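Chemist: Read in full-length UniProt numbering, the sequence shown has 426 at position 426, and its numbers run on one by one without any break.
My questions will all concern the structure given below.
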Amino acid sequence: MAFLEWRKFNFFSLKPNIDGNRLCDHFKESKITCTSAGNNHLIFGDSLGQISLVSRSWHTVTYRAYEISIELAYQLRNSPLLVTIGHDEPGVNPLIKVWDTSKFDKNGTPFCLRVTKALARQVSALAVNDNLIAVGFTDGSLVLFRGDISRDRSSKQKIFKELQGITGLAFKISANNSFLFVCTEREVVVYNITNKDKEQKHFLDTDGCAKYCNVLADFTQESNFMVARNDAIYCYTSDGKGPCYAVEGEKTILECFRSYLIIVSKSTKKSEDRLTVLDIYNKFIVFQCEMSNIRAIFHEWGSLFVLTRDCKLYHLDEKDLQSKLALLFKKNLYDVAIRIAKSHQYDLDGLVDIFVQYGDHLCDKGDFAGAIEQYIKTIGKLEPSYVIRKFVDSQHLEKLIMYLQALHKQGQATEDHTTLLLNCYTKLNNAIGQQSDSLKEFIQSKDDNYDVDVAIKVCRHGSPAEALMLAKRHKEHDWYIKIQIEDHQKYLEVLEYISNLPFELADHYMKKYGQILVKHLPYESTQFLKRLCTNHDSMLSKSDPEYFIHLFLNNSERLVEFLEHLIGEGCVLSPSVYNTLLEHYLHVWATVEVVSERNKLTQNVLELLQNPDIRLDKSHALVVCNMHSFSEGILYLYEEQKLYQQILRYHIARNDPSSVLACCTRFGHQDPTLWVQTLWSCVRDNKQPSMDLLNEVLTVIAKEKLFSPQLVIDAVGTGNASISLGHMRSYIMNEFQQEIKKTQETSELTKNYQKDTEKLKKRLDELRNGVTRIQGSRCAACHRPLELPNIHFLCGHSFHQHCFQIFPTTKTTVPLANPKTKT
1 MAFLEWRKFN FFSLKPNIDG NRLCDHFKES KITCTSAGNN HLIFGDSLGQ
51 ISLVSRSWHT VTYRAYEISI ELAYQLRNSP LLVTIGHDEP GVNPLIKVWD
101 TSKFDKNGTP FCLRVTKALA RQVSALAVND NLIAVGFTDG SLVLFRGDIS
151 RDRSSKQKIF KELQGITGLA FKISANNSFL FVCTEREVVV YNITNKDKEQ
201 KHFLDTDGCA KYCNVLADFT QESNFMVARN DAIYCYTSDG KGPCYAVEGE
251 KTILECFRSY LIIVSKSTKK SEDRLTVLDI YNKFIVFQCE MSNIRAIFHE
301 WGSLFVLTRD CKLYHLDEKD LQSKLALLFK KNLYDVAIRI AKSHQYDLDG
351 LVDIFVQYGD HLCDKGDFAG AIEQYIKTIG KLEPSYVIRK FVDSQHLEKL
401 IMYLQALHKQ GQATEDHTTL LLNCYTKLNN AIGQQSDSLK EFIQSKDDNY
451 DVDVAIKVCR HGSPAEALML AKRHKEHDWY IKIQIEDHQK YLEVLEYISN
501 LPFELADHYM KKYGQILVKH LPYESTQFLK RLCTNHDSML SKSDPEYFIH
551 LFLNNSERLV EFLEHLIGEG CVLSPSVYNT LLEHYLHVWA TVEVVSERNK
601 LTQNVLELLQ NPDIRLDKSH ALVVCNMHSF SEGILYLYEE QKLYQQILRY
651 HIARNDPSSV LACCTRFGHQ DPTLWVQTLW SCVRDNKQPS MDLLNEVLTV
701 IAKEKLFSPQ LVIDAVGTGN ASISLGHMRS YIMNEFQQEI KKTQETSELT
751 KNYQKDTEKL KKRLDELRNG VTRIQGSRCA ACHRPLELPN IHFLCGHSFH
801 QHCFQIFPTT KTTVPLANPK TKT
């Protein structure tokens with residue numbers, strides 16, 4: 001881009017006499033020979049060998065650095081070290097001095113930390129780093145000093161030689177490499193000085209530049225070394241040439257400030273200089289004016305200063321960002337405003353305001369495509385309804401679709417936005433009279449930045465095929481099944497779809513849609529439910545059949561088939577499942593009139609009740625059997641639970657004497673009270689009982705002595721049954737005979753006891769009053785002859801004392817004595 005083609009703006013204002021003419025007064029008797037800035041000072045060297053340090057309050061500290069003159073000065077930006085080159089004696093090598101501007105002696109002079117002789121040549125360039133100093137000379141000599149620049153002893157120097165006089169030097173230091181850019185009048189080279197004594201030289205260009213016309217632009221990404229020539233500004237990196245900016249004119253000074261490049265060139269007017277400030281990033285001329293005799297450009301304290309040869313100091317004051325933007329807005333240069341704002345790291349909210357204004361401006365001009373591009377940049381900050389209202393007209397349908405697509409892509413779309421976008425697709429299809437691919441592309445996009453539920457809901461009415469495809473692709477099983485059932489009545493496809501789902505999902509959707517599937521596909525649905533509840537997959541997952549029983553309320557045949565299959569597969573089912581099957585069996589049993597079928601159902605019920613592997617709720621089963629008067633089941637359950645009294649009452653209630661007698665005979669040995677209960681049932685009613693039953697009951701009661709005769713007679717006498725004494729004659733006579741026999745046996749036993757008592761009394765008297773002779777000569781225990789000490793008993797036994805002690809008995813009892821004489 002040629003210099004004249006760059007857009008021009010006035011983003012700076014030139015303020016003269018910024019120092020109140022202090023520099024003019026200070027340098028009346030001398031001439032400024034060099035300038036520098038850094039570490040909160042402006043540095044001026046003059047023809048008298050003096051250095052002046054100017055503070056921000058324009059306070060000046062001046063001291064004599066050299067006896068004759070000072071040629072170059074370099075102040076480190078973030079260090080108090082100042083490096084100068086000058087002469088103390090005529091015809092002697094120039095001296096390099098390093099000053100600490102933070103420490104002063106008693107005379108107000110900064111401490112000189114180091115003095116080093118330079119080559120005996122005219123110096124022309126100086127570059128300084130924390131540990132490096134490079135000095136260039138007009139004859140092409142280059143001296144590189146390594147080490148701590150504040151100490152002379154630790155510094156090592158090396159001399160290089162160029163073909164022409166050196167016009168500029170600059171260090172570029174990175175984490176891993178160090179480079180020295182060297183510019184002469186005829187070439188540009190770079191030295192890789194990373195490794196000591198292994199410096200490598202690379203040629204970058206065969207054209208050089210004049211003095212002061214090169215600078216290291218550290219604001220660029222790669223810290224380009226910029227060289228100003230008459231035709232352009234050239235950029236170089238350590239690897240070679242960089243970009244080029246076509247800025248024509250004879251340059252005298254090149255400097256950088258922030259993201260700006262400051263160029264001083266010869267004006268078409270005589271004795272005038274043209275000062276130009278370029279915004280390299282945005283390709284703008286942000287300031288330009290004509291000035292006389294510009295001596296130097298430098299910056300400090302965040303400000304840019306211009307020094308003229310007559311020692312006048314100007315402040316080039318940059319306008320604030322809001323002022324710049326206001327100027328651009330006034331000219332409707334929103335694109336420029338956006339670039340300026342971005343280069344100043346403007347916050348997102350501020351950028352959004354510019355995008356909105358730019359979009360509104362483009363809308364007013366009729367550039368709706370450009371406007372929608374700007375509005376898209378506001379997504380996430382600007383309320384979408386602001387943009388939608390501008391493009392809701394049908395003639396801007398495509399632009400609205402672009403905006404809505406961007407909303408979805410950035411994840412900022414709501415359900416309403418998705419609905420609107422899909423409706424726009426439908427309207428667009430109607431407008432062009434054919435099916436557009438836009439809707440299909442949106443649905444099939446990989447980003448899926450939309451609400452799938454809303455998309456399916458909208459497409460279901462306008463594009464049912466796309467809705468079904470969308471549901472299947474996103475595994476929206478609910479939507480897929482609902483559309484297939486409600487819109488297409490494809491029940492078999494739905495059942496196949498569910499059967500291919502993982503177990504958990506198949507179980508869920510059969511619970512939800514199973515009833516309608518069983519209604520329309522009873523056989524197929526039953527077969528799938530069998531598999532779902534037994535062996536759905538290799539993981540042995542099984543559904544709980546209880547959740548599916550209600551699906552067969554109107555199809556008993558399939559219910560029985562379903563439950564019998566589960567039982568046949570040996571499934572461990574909950575009692576409720578078996579209860580349901582039992583209820584169904586009994587319900588059918590109660591309504592069937594064919595004897596064979598009724599008998600078959602009876603057998604099925606009994607097999608169900610008698611199956612030990614079935615966890616049937618027997619209490620519930622008993623209630624169900626009673627409800628349907630299923631006697632076989634009632635009696636089986638009573639017997640299984642040992643409810644013999646209930647069995648007896650059941651037969652008594654049915655007035656079945658033979659069954660009552662059979663019950664008592666079968667279970668009487670386990671529960672003898674059954675006979676007593678039967679007796680009470682015989683005498684309780686007003687009618688005459690079965691005599692066979694009564695006689696058998698009285699016989700067993702008498703035999704087992706379950707009731708006393710008196711209680712039996714009282715029961716018969718107080719009962720309501722028509723029982724006469726003749727009916728009881730056999731029982732009463734038998735009882736009298738038994739009582740007579742018992743009385744005789746008791747009398748005989750009493751006589752025997754009396755005889756035994758008399759014998760014992762007689763023997764006791766003999767032992768007390770008579771004489772007993774002890775004649776035993778051997779021990780009753782060991783059968784050896786007796787030896788003292790001995791123990792003798794009245795019964796006739798004798799023992800050694802030590803033999804007697806081995807018997808576990810008391811001292812008053814004879815171990816071997818006859819029980820009758822054991823004393």
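Each residue gets a CB set at the ideal place from its N, CA and C atoms; glycine is no exception.
In this text, all values refer to a predicted model and were calculated from it rather than measured experimentally.
Out of Asp-100, Ala-781, Leu-786 and Gln-410, which one is the CA nearest neighbour of Ile-806?
Modeler: Residue 806 sits at position 806 when you count from the first residue of the sequence shown. With distances taken between Cα atoms, Ile-806 lies closest to Ala-781.
Chemist: In whole angstroms, what is the alpha-carbon distance linking Met-226 and Glu-255?
Modeler: Within the sequence shown, numbered from 1, the residue matching residue 226 stands at position 226. Within the sequence shown, numbered from 1, the residue matching residue 255 stands at position 255. About 9 Å.
Chemist: Taking the beta strand (DSSP E) that Leu-327 falls in, what are its first and last residues?
Modeler: Looking up residue 327 in the sequence shown gives position 327. In the DSSP assignment, Leu-327 falls outside any beta strand (DSSP E) and within the unbroken alpha helix (DSSP H) covering 321 to 330.
Chemist: Taking C-alpha atoms, which residue in Leu-304, Glu-5 and Glu-466 lies nearest to Asp-257?
Modeler: The residue given as residue 257 occupies position 257 in the sequence shown. Checking the sequence shown, residue 257 turns out to be Phe, not Asp. The candidate whose alpha carbon is nearest that of Phe-257 is Leu-304.
Chemist: Do you know how far the Cα of Ile-297 is from the Cα of Lys-28?
Modeler: Within the sequence shown, numbered from 1, the residue matching residue 28 stands at position 28. Within the sequence shown, numbered from 1, the residue matching residue 297 stands at position 297. Rounded to whole angstroms, Lys-28 to Ile-297 spans 21 Å at the Cα level.
Chemist: Do you know how far the Cα of Ile-634 is from the Cα of Asn-626?
Modeler: Looking up residue 626 in the sequence shown gives position 626. Looking up residue 634 in the sequence shown gives position 634. When rounded, the distance between both Cα atoms is 7 Å.
Chemist: If you run the structure through DSSP and keep just helix, strand and coil, what is Asp-367?
Modeler: What you label residue 367 is simply residue 367 of the sequence shown in a count that begins at 1. Asp-367: coil per DSSP, three-state reduction.
Chemist: Do three or more CB pairs link the segment 114 to 130 to the segment 75 to 94 at distances below 8 Å?
Modeler: yes
Chemist: Who are Phe-179's beta bridge partners in DSSP?
Modeler: Translated into the one-based positions of the sequence shown, residue 179 becomes position 179. BP columns for Phe-179 point to Lys-172 and Asn-192.
Chemist: So, using beta-carbon positions, are Ile-18 and His-408 closer together than 8 Å?
Modeler: Counting from one through the sequence shown, the residue named residue 18 turns up at place 18. Counting from one through the sequence shown, the residue named residue 408 turns up at place 408. It is not a contact, given that the beta carbons lie outside the stated cut-off.
Chemist: Does the Cβ-Cβ distance between Leu-643 and Glu-696 come in under 8 Å?
Modeler: Locating residue 643 in the sequence shown gives position 643, where the first residue counts as 1. Locating residue 696 in the sequence shown gives position 696, where the first residue counts as 1. Their beta carbons are not under 8 Å apart, which means Leu-643 does not touch Glu-696 by this criterion.
Chemist: Quick one: what does DSSP say Glu-415 is sitting in, helix, strand or coil?
Modeler: By one-based count along the sequence shown, residue 415 stands at place 415. The answer is helix: DSSP assigns Glu-415 an H, G or I state.
Chemist: In the structure shown, what three-state DSSP assignment does Trp-58 receive?
Modeler: Translated into the one-based positions of the sequence shown, residue 58 becomes position 58. Here Trp-58 sits in coil by DSSP.
Chemist: Tell me whether Gly-350 sits in a helix, a strand or coil according to DSSP, three-state version.
Modeler: Within the sequence shown, residue 350 is the residue found at index 350, counting from 1. Three-state DSSP puts Gly-350 in a helix.
Chemist: State the DSSP-derived secondary structure class of Gly-433, mapped to helix, strand or coil.
Modeler: In the sequence shown, the residue the question calls residue 433 occupies position 433. Confidence at Gly-433 is low in this model, with a pLDDT of 49, below 50, so the placement of that residue should be treated as unreliable; the coordinate-derived value is given next. It is coil, neither helix nor strand.
Chemist: Within the chosen definition, does the segment 374 to 385 reach the segment 344 to 363 through at least 3 CB pairs nearer than 8 Å?
Modeler: yes
Chemist: Please confirm if the segment 184 to 191 is in contact with the segment 202 to 214, defined as three or more CB-CB distances below 8 Å between the two stretches.
Modeler: Short answer: they touch.
Chemist: With distances taken Cα to Cα, identify the nearest neighbour of Glu-89 among Val-494, Leu-81, Leu-82 and Lys-117.
Modeler: Counted from its first residue, the sequence shown places residue 89 at position 89. Nearest of Val-494, Leu-81, Leu-82 and Lys-117 to Glu-89, Cα basis: Lys-117.
Chemist: Looking only at its chain, what residues have a beta carbon closer than 6 Å to the beta carbon of Gly-136, apart from the 5 residues adjacent to it on each side?
Modeler: Taking the first residue of the sequence shown as position 1, residue 136 is located at position 136. Cβ neighbours of Gly-136 beyond the five flanking positions: Ser-124, Ala-125, Leu-142, Ile-166 and Leu-169.
Chemist: Using a threshold of 8 Å, state whether the C-beta atoms of Val-458 and Leu-422 are closer than that.
Modeler: Numbered from 1 along the sequence shown, position 458 holds the residue referred to as residue 458. Numbered from 1 along the sequence shown, position 422 holds the residue referred to as residue 422. Leu-422 sits close to Val-458, with the two beta carbons spaced by under 8 Å.
Chemist: Checking 8 Å against the spacing of the C-beta atoms, do Ile-263 and Ala-228 come in under that value?
Modeler: Walking along the sequence shown from the start, residue 263 turns up at place 263. Walking along the sequence shown from the start, residue 228 turns up at place 228. Result yes, Cβ atoms of Ile-263 and Ala-228 sit closer than 8 Å.
Chemist: Under the three-state reduction of DSSP, which class applies to residue 825: helix, strand or coil?
Modeler: Because the chain in this structure spans residues 1 to 823, residue 825 falls outside the shown range and cannot be described.
Chemist: Could you pull the start and end residues of the alpha helix (DSSP H) that Glu-398 belongs to?
Modeler: Taking the sequence shown and counting its residues from 1, the one referred to as residue 398 is at position 398. Element bounds for Glu-398: 397 to 409.
Chemist: Within 10 angstroms of the Cβ of Leu-760, are there 16 or more other Cβ atoms? Answer buried if so, exposed if not.
Modeler: Working through the sequence shown from its first residue, we reach residue 760 at position 760. Leu-760 is exposed by the Cβ-count criterion.
Chemist: Below 8 Å between beta carbons: does that hold for Asn-332 and Arg-309?
Modeler: Within the sequence shown, the letter at position 332 stands for residue 332. Within the sequence shown, the letter at position 309 stands for residue 309. Against a cut-off of 8 Å, the Cβ pair of Arg-309 and Asn-332 comes out as no contact.
Chemist: Pick helix, strand or coil for Pro-110, following the three-state DSSP scheme.
Modeler: Here residue 110 refers to the residue found at position 110 when the sequence shown is read from its first residue. In the structure shown, Pro-110 sits in a strand (DSSP, three-state: E or B).
Chemist: Can you tell me whether DSSP reads Ser-30 as helix, strand or coil?
Modeler: Mapped onto the sequence shown, residue 30 falls at position 30. DSSP places Ser-30 in coil when its eight states are reduced to three.
Chemist: From Tyr-547, Val-592 and Ile-280, pick the residue whose C-alpha is nearest to that of Ala-217; which is it?
Modeler: What you label residue 217 is simply residue 217 of the sequence shown in a count that begins at 1. The option with the nearest alpha carbon to Ala-217 is Ile-280.
Chemist: How would you call Glu-758, buried or exposed, if buried means at least 16 neighbouring beta carbons within 10 angstroms?
Modeler: Mapped onto the sequence shown, residue 758 falls at position 758. Counting Cβ neighbours within 10 Å, Glu-758 comes out exposed, since fewer than 16 surround it.
Chemist: Taking only the alpha-carbon atoms, compute the straight-line gap between residue 825 and Val-54 and give it to the nearest angstrom.
Modeler: Nothing can be reported for residue 825, as the shown portion of the chain is limited to 1 through 823.
Chemist: Kindly list the residues whose CB is nearer than 7 Å to the CB of Leu-48, restricted to its own chain and excluding five residues on each side of it in sequence; keep chain order.
Modeler: Here residue 48 corresponds to residue number 48 of the sequence shown, with the count starting at 1. If we look at Leu-48 and ignore the five residues flanking it on each side, its Cβ neighbours are Ser-30.
Chemist: When you compare each of Gln-288, Gly-242, Lys-269 and Lys-241 to Tyr-260 by their alpha carbons, which one comes out closest?
Modeler: Indexing the sequence shown from 1 puts residue 260 at position 260. Answer by Cα proximity: Gln-288.
Chemist: Would DSSP call Leu-216 helix, strand or coil?
Modeler: Taking the first residue of the sequence shown as 1, we reach residue 216 at position 216. Reduced to three states, the DSSP call for Leu-216 is strand.
Chemist: What did DSSP end up calling Trp-99 once you bin it into helix, strand or coil?
Modeler: For the purposes of this step, residue 99 is identified with residue 99 of the sequence shown, where counting begins at 1. Strand at Trp-99.
Chemist: Report the residue ranges of all alpha helix (DSSP H) runs contained in full by the segment 616 to 655; include only those spanning at least 4 residues, in chain order.
Modeler: 618 to 627, 631 to 640 and 644 to 653
Chemist: Would DSSP call Pro-672 helix, strand or coil?
Modeler: Taking the sequence shown and counting its residues from 1, the one referred to as residue 672 is at position 672. Looking at Pro-672 - three-state DSSP - the assignment turns out to be coil, as it is neither helix nor strand.
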